[in-house]
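**Q**
Numbering (our numbering), first residue to last: 830 to 1092.
1) Quick check on the DSSP output: what are the complete beta strand (DSSP E) runs of length 3 or more inside the region 914-972, in order along the chain?
2) Measuring alpha carbon to alpha carbon, tell me which of 886, 1027, 969 and 981 ends up nearest residue 1008.
3) Need the endpoints of the alpha helix (DSSP H) that residue 845 sits in, please.
4) What residue range is occupied by the uninterrupted beta strand (DSSP E) comprising residue 898?
5) Starting from residue 835, trace the beta strand (DSSP E) both ways and give me its first and last residue.
6) On the three-state DSSP scale, how would you describe residue 1013?
7) Under a Cβ-count criterion, where at least 16 other Cβ atoms within 10 Å of its own Cβ denotes burial, should residue 944 be classed as buried or exposed?
8) Please go through the same chain and pick out, in chain order, the residues whose beta-carbon is closer than 8 Å to the beta-carbon of residue 1073, but skip the five residues on each side of it.
9) Where do the ends of the alpha helix (DSSP H) carrying residue 987 lie?
10) Quick one: what's got a C-beta closer than 7 Å to residue 952's C-beta in the same chain, skipping five residues either side?
11) Between the alpha carbons of residue 1014 and residue 947, how many angstroms are there, rounded?
12) Span of the beta strand (DSSP E) holding residue 853?
13) Using the rule of at least 16 other Cβ atoms within 10 Å of the residue's Cβ for burial, across every protein chain shown, is residue 1022 buried or exposed?
14) Can you grab the Cα-Cα spacing for the pair residue 880 / residue 857, in whole Å?
15) What does the alpha-carbon distance come out to for the pair residue 962 and residue 1066?
16) What residues in its chain sit with their C-beta under 8 Å from that of residue 968, if we drop five residues either side in the sequence?
17) Can you name the residues that DSSP bridges to residue 889?
18) Following the continuous alpha helix (DSSP H) through residue 983, name the residue where it begins and the one where it ends.
19) In the DSSP output, which residue or residues are listed as bridge partners for residue 1001?
20) Just how far apart, CA to CA, sit residue 1040 and residue 1062?
21) With DSSP collapsed to three states, give me the class of residue 907.
22) Hey, how far is the Cα of residue 949 from the Cα of residue 937?
23) CA-CA distance, residue 1055 and residue 842?
24) Buried or exposed for residue 866, going by 16 or more other Cβ atoms inside 10 Å?
25) Return yes when the Cβ of residue 1044 is within less than 8 Å of the Cβ of residue 1057, no when it is not.
26) In or out: residue 899 buried (at least 16 other Cβ within 10 Å) or exposed?
What follows is the structure, given as structure tokens:
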């Protein structure tokens, strides 16, 4: 495992082969998302997105929780402009995670609440410890989870999303799997291993092809079906003419392991 040379105050960045590990490192605050913390995460993911040697990213939290949402101590008695800037920063971070070519896997333990639940819903995939809890409890403190609602309502069905938003009650990991918020729930002692297995499977594919597919997925998902087919036809035609697609098809027919070129 290699540690990145750039120093961050609130996060740790390590790499192991083609896998990057981003650890939110405010464990004593349950990794609450301060303005600076979110700015650092955005900077880190942006840099990863430009790194052709990284194929997949694992996002995790230090301490007893994955992420407890926004840092409420930072948010008390501030101006409307402060809140606007804070949520602009949060949205930029969330959009960066989905815009980079590498898939981002949330490795969740403890709680993922409010913007922390939003973070899980935003990540491309999620593996969680089976005692994890997921909630959007803002309604209980007079602050409806409106921005978390965007990611949540795109990850789970409307009725379940509204139930979570209107009651603030938590989902268990098992319920989160059933709702489509996370991919898998495993015993805590297996969490890191299971996440690494998933990351490794993804890293074996062409990073170029994965990037093409991830971008296309988010572009087409809200399109009408005929528009989605028209768009993905163009994407797949472009992809089929790439070096990696040609190499992959040749390797399959020749029954050998492909040697990806990254283009």
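In this text, a Cβ means the ideal position worked out from N, Cα and C, and glycines have one as well.
**A** With the structure as the only source:
1) 933-937, 940-942, 954-958 and 962-964
2) 981
3) Premise fails: residue 845 lies in the beta strand (DSSP E), 840-845, not in any alpha helix (DSSP H).
4) Neither: residue 898 is in no beta strand (DSSP E) and is coded neither H nor E.
5) Counting along the chain, residue 835 falls outside any beta strand (DSSP E), and DSSP gives it neither H nor E.
6) strand
7) buried
8) 1035, 1037, 1038, 1087, 1089, 1090, 1091 and 1092
9) 987-996
10) 888, 926, 933, 934 and 935
11) 18 Å
12) 848-853
13) exposed
14) 31 Å
15) 42 Å
16) 974, 994, 995, 996 and 997
17) 852 and 936
18) 975-984
19) 962
20) 16 Å
21) coil
22) 8 Å
23) 41 Å
24) buried
25) no
26) buried
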